[in-house]
Amino acid sequence: MTAAIDDAIANPAALKRTRRPSRFLAALPSYIQATPLALILGAFLLAPVLMIAAVSFWDYDFARLYPDFILTNYAETLGSWVTWRTYLNTLKYAVIVWALTLFIGFWVAYYLAFHIRTATMQMVLFLVCTVPFLTSNIIRMISWIPVLGRNGLVNTTLIELGIVPAPITWLLYSDFAVVLAMVHLYTLFMVTPIFNTLMRIDRSLVEAARDAGANGWQILCNIILPLAKPGMAIGTIFVVTLVMADFTTVQVMSGGQSASVALMMRNQMSLLQYPAAAANAVVLLVVVLFMVAGILRVVDIRKEL
Amino acid sequence: MSSDRRGLEFWILSVFFALFVLFLYGPLSAILILSFQGPNGGLTFPLNGVSLHWFYNLTQQQAVGDFGGSFRRSFTLGIMVTLVTVVVSLLAGLAFRRKFFGATPLFYLSIASLVVPSIIISLGIGVMFQQIGIRPSWYGSAFGAHLTWTLPFGVLIMFAVFNRFSPSYEEAARDLGASSWQTFLHVLLPMIAPMLIGVGLFGFTLSYDEFARTLMTGGTYNTLPLEIYGMTTNVTTPVLYARGTVTTIFSFLVIAATLGIILWLERRRARG
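So the sequences go chain by chain: A and B.
For reference, each letter of the first sequence is one residue, going 430 to 734 in the numbering used here.
For reference, each letter of the second sequence is one residue, going 74 to 345 in the numbering used here.
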């Protein structure tokens with residue numbers, strides 16, 4: 430796959446387009462080609478989101494929904510301090526997981542891009558990092574249970590070594606477990622975009638800096654880090670939106686002791702309180718879109734592709 | 074970096090990378106080993122004998138769940154999602170090569186598809202189908218829900234591919250008298266085939282493992298991730314690990330086969 434990209438990079442002829450007399454006729458194939466994507470996203474993304482926006486104003490009872498225009502759902506959602514606490518808790522996860530994945534992701538990508546010398550080895554090590562991310566999230570989550578549990582690997586080892594007298598209980602079913610599992614699940618989303626931007630840094634910049642007398646630390650701070658920012662921004666978008674939307678990790682790894690916004694929605698959905706869940710969804714969507722817009726102010730991702 | 078002596082930085086980062094790989098694979102190998110637990114063994118170490126008991130158990134009819142059926146559904150759905158993702162992303166990628174009215178909104182809609190929390194899409198499609206009066210099903214509503222997750226990846230990859238793709242190959246083909254269909258089939262397609270297979274792999278694995286988007290849209294019959302999720306709360310024997318091992322090995326096989334095909338294509342192209 431990368432070889433194909435490399436081939437393509439090797440021939441960066443300008444994207445010249447011949448001008449045709451009729452603009453619409455020239456673009457006609459594009460309209461036809463773009464139609465399936467537009468139809469699918471329209472039907473399964475745009476329409477459902479609009480539906481949620483509408484339903485968030487509806488009335489409901491235990492059996493069905495009543496089309497209406499009431500603000501009760503929002504009043505209940507925003508007026509309850511449980512909501513605010515849940516949002517704070519979710520944001521806490523987002524910030525901690527973001528910081529950890531950014532740190533790990535950057536160093537892993539930096540190691541692959543600048544310390545591994547052959548392209549084949551780079552590809553192999555990159556695949557080693559990628560493969561677990563193509564397997565089931567739920568299985569990767571439950572695989573922590575025999576490691577962190579009361580009689581798990583970590584506790585048994587610590588006790589045998591005499592480091593702790595009794596099993597540590599906060600390893601599993603705690604905030605620690607939630608954050609650990611999220612870092613485990615989402616770090617690749619940081620590694621890939623950062624690796625991608627690092628690979629495109631012109632190596633002669635680094636050479637020039639070295640010739641000008643910069644030490645390794647200065648090169649890292651003044652050249653590599655600023656140029657890696659777009660990749661970090663894209664990784665941040667992925668990680669932040671994934672953590673904000675997460676409910677399975679929080680539910681499984683906290684053993685039901687912690688809450689997240691999506692988990693709160695899921696509970697409302699299982700009680701068939703769809704309008705309440707919809708109001709929550711709208712608030713969550715607005716929060717997430719604001720976060721993404723904030724990140725996009727830092728970087729134009731279209732240029733990065 | 075480019076000096077020949079490996080500095081301290083290299084060794085520190087090598088250790089860091091090794092720890093990261095251990096962090097990725099350690100827990101997975103734990104459930105792999107524990108799925109061979111003896112018949113009287115529990116959910117944690119130590120191994121109480123070695124057996125295939127739990128794999129055998131997996132094939133039996135169980136109190137909760139239906140492994141074979143859910144696997145078949147997830148597999149079929151994965152193939153459907155793969156095919157549609159590859160074709161639609163390729164077409165969209167071709168479309169974005171020209172400027173057209175609505176290109177930017179469509180691009181941002183694809184990005185939005187990545188960003189909108191999956192549970193919101195699940196809820197939206199679920200409620201929408203309920204209001205229209207269509208019964209949700211894994212091959213209908215869940216199929217659409219999965220596409221909203223796989224298509225943006227496909228479109229972004231295709232976008233990146235065509236950004237780096239020089240039109241001079243096609244111009245050369247046209248100069249030699251090829252029709253636009255011939256140019257597409259004999260010049261463009263072979264060059265981007267490895268990337269398309271990569272898009273397909275993404276489509277399949279993302280769909281095969283998708284949970285949140287299937288939750289409200291899956292209908293009566295469970296897909297594999299829903300089954301496994303159900304098991305995490307109900308099942309307290311290593312049969313859970315056996316199921317995890319089987320699905321993970323299946324994922325590994327799919328990935329290995331795909332990489333094999335990509336390598337084979339690259340070799341063939343390099344030779345021809």
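Positions of the beta carbon are idealized from the N, C-alpha and C atoms, including for glycine.
Computed from a prediction, not measured in an experiment: that's the story for all the values here.
**Message:** In whole angstroms, give me the CA-to-CA distance for residue 277/B and residue 218/B.
**Reply:** 14 Å
**Item:** Limits of the unbroken alpha helix (DSSP H) element including residue 198/B
**Value:** 191–205
**Prompt:** Where does residue 333/B land, buried or exposed, given buried means 16+ other C-beta within 10 angstroms?
**Reply:** exposed
**Message:** Quick check for students: name the residue ranges of the alpha helix (DSSP H) that lie wholly in the segment 573–620 of chain A, counting only runs of 4 or more.
**Reply:** 574–577, 582–589 and 604–615
**Message:** List, in chain order, every chain B residue whose beta-carbon is nearer than 8 Å to that of residue 676/A.
**Reply:** 192 and 285
**Item:** residue 462/A versus 184/B, 264/B and 171/B, residue with shortest Cα-Cα distance
**Value:** 171/B
**Request:** Would you mind reading off the limits of the alpha helix (DSSP H) that contains residue 255/B?
**Result:** 253–256
**Request:** Using a Cβ cut-off of 9 Å, pull out every chain A residue sitting near residue 89/B, in sequence order please.
**Result:** 533, 536, 537 and 540
**Request:** Can you tell me the Cβ-Cβ gap for residue 372/B and residue 568/A, rounded? I've got them flagged as a contact below 8 Å.
**Result:** This structure does not reach residue 372/B, given that chain B is present from 74 up to 345, and the question cannot be answered.
**Request:** Assign residue 558/A to one of two classes, buried (16 or more other C-beta atoms within 10 Å of its C-beta) or exposed (fewer than that).
**Result:** buried
**Message:** Applying the 10 Å Cβ sphere with the 16-neighbour rule, what's the burial state of residue 129/B?
**Reply:** exposed
**Request:** Can you pull the chain A residues whose beta carbon is under 7 Å from the beta carbon of residue 161/B, in chain order?
**Result:** 465, 466 and 469
**Prompt:** Tell me the DSSP bridge mates of residue 210/B?
**Reply:** 292/B
**Item:** Any chain B beta carbon closer than 7 Å to residue 492/A
**Value:** no
**Where the alpha helix (DSSP H) containing residue 281/B begins and where it ends** = 262–281
**Item:** Backbone CA spacing between residue 331/B and residue 233/B [nearest angstrom]
**Value:** 20 Å
**Request:** Within 10 angstroms of the Cβ of residue 439/A, are there 16 or more other Cβ atoms? Answer buried if so, exposed if not.
**Result:** With a pLDDT of 42 at residue 439/A, under the threshold of 50, the modelled position of that residue is not reliable, and the figure given next carries that caveat. The residue in question, residue 439/A, is exposed, as its Cβ has fewer than 16 Cβ neighbours within 10 Å.
**Asked** Which residues in chain B sit within 8 Å of residue 476/A, going by Cβ to Cβ distance?
**Response** 197 and 201
**Asked** If we count the other Cβ atoms within 10 Å of its Cβ and call it buried at 16 or more, is residue 430/A buried or exposed?
**Response** Bear in mind that the predicted position of residue 430/A carries a pLDDT of just 41, short of 50, making it too unreliable to give a figure here.
**Asked** From residue 103/B to residue 575/A, what distance separates their C-alpha atoms?
**Response** 7 Å
**Item:** Spatial neighbours of residue 113/B in its chain, beta-carbon cut-off 8 Å, leaving aside the 5 residues before and after
**Value:** 121 and 122
**Message:** Tell me whether the segment 268–285 of chain B and the segment 534–541 of chain A touch, counting them as touching only if at least three CB pairs, one residue from each stretch, are closer than 8 Å.
**Reply:** no
**Request:** Starting from residue 309/B, follow the alpha helix (DSSP H) in both directions and report where the run begins and ends.
**Result:** From DSSP, residue 309/B is part of no alpha helix (DSSP H); its letter is neither H nor E.
**Prompt:** Is the distance from the Cβ of residue 197/B to the Cβ of residue 596/A below 7 Å?
**Reply:** no
**Spatial distance of residue 531/A from residue 174/B (CA atoms)** = 37 Å
**Request:** Give every residue of the same chain whose Cβ lies closer than 6 Å to the Cβ of residue 682/A, excluding the five residues on either side of it in the sequence, and list them in chain order.
**Result:** 606, 607 and 610
**Request:** Check the Cβ-Cβ distances between residue 502/A and every residue of chain B, and say whether any is below 7 Å.
**Result:** no
**Message:** Taking its Cβ as the centre, do 16 or more other Cβ atoms sit within 10 Å of residue 702/A, making it buried, or is it exposed?
**Reply:** buried
**Asked** Taking three-plus beta-carbon pairs below 8 Å as touching, is the segment 190–207 of chain B in contact with the segment 243–263 of chain B?
**Response** no
**Message:** Since residue 192/B and residue 674/A should fall inside the 8 Å C-beta cutoff, what is the C-beta to C-beta distance between them, to a whole number of angstroms?
**Reply:** 6 Å
**Item:** chain A residues whose Cβ lies nearer than 9 Å to that of residue 108/B
**Value:** Here the premise fails: no neighbours, minimum Cβ distance about 10 Å.
**Inter-residue Cα distance where the pair is residue 289/B and residue 195/B** = 5 Å
**Request:** Examine chain B for any beta-carbon lying closer than 7 Å to the beta-carbon of residue 619/A, and answer yes or no.
**Result:** no
**Asked** Between the C-alpha atoms of residue 231/B and residue 216/B, what's the straight-line distance to the nearest angstrom?
**Response** 21 Å
**Item:** 7 Å Cβ cutoff, residue 573/A in contact with chain E
**Value:** Of the protein chains in this structure, namely A and B, none is chain E.
**Prompt:** Would the beta-carbon of residue 679/A fall within 7 Å of that of residue 713/A?
**Reply:** no
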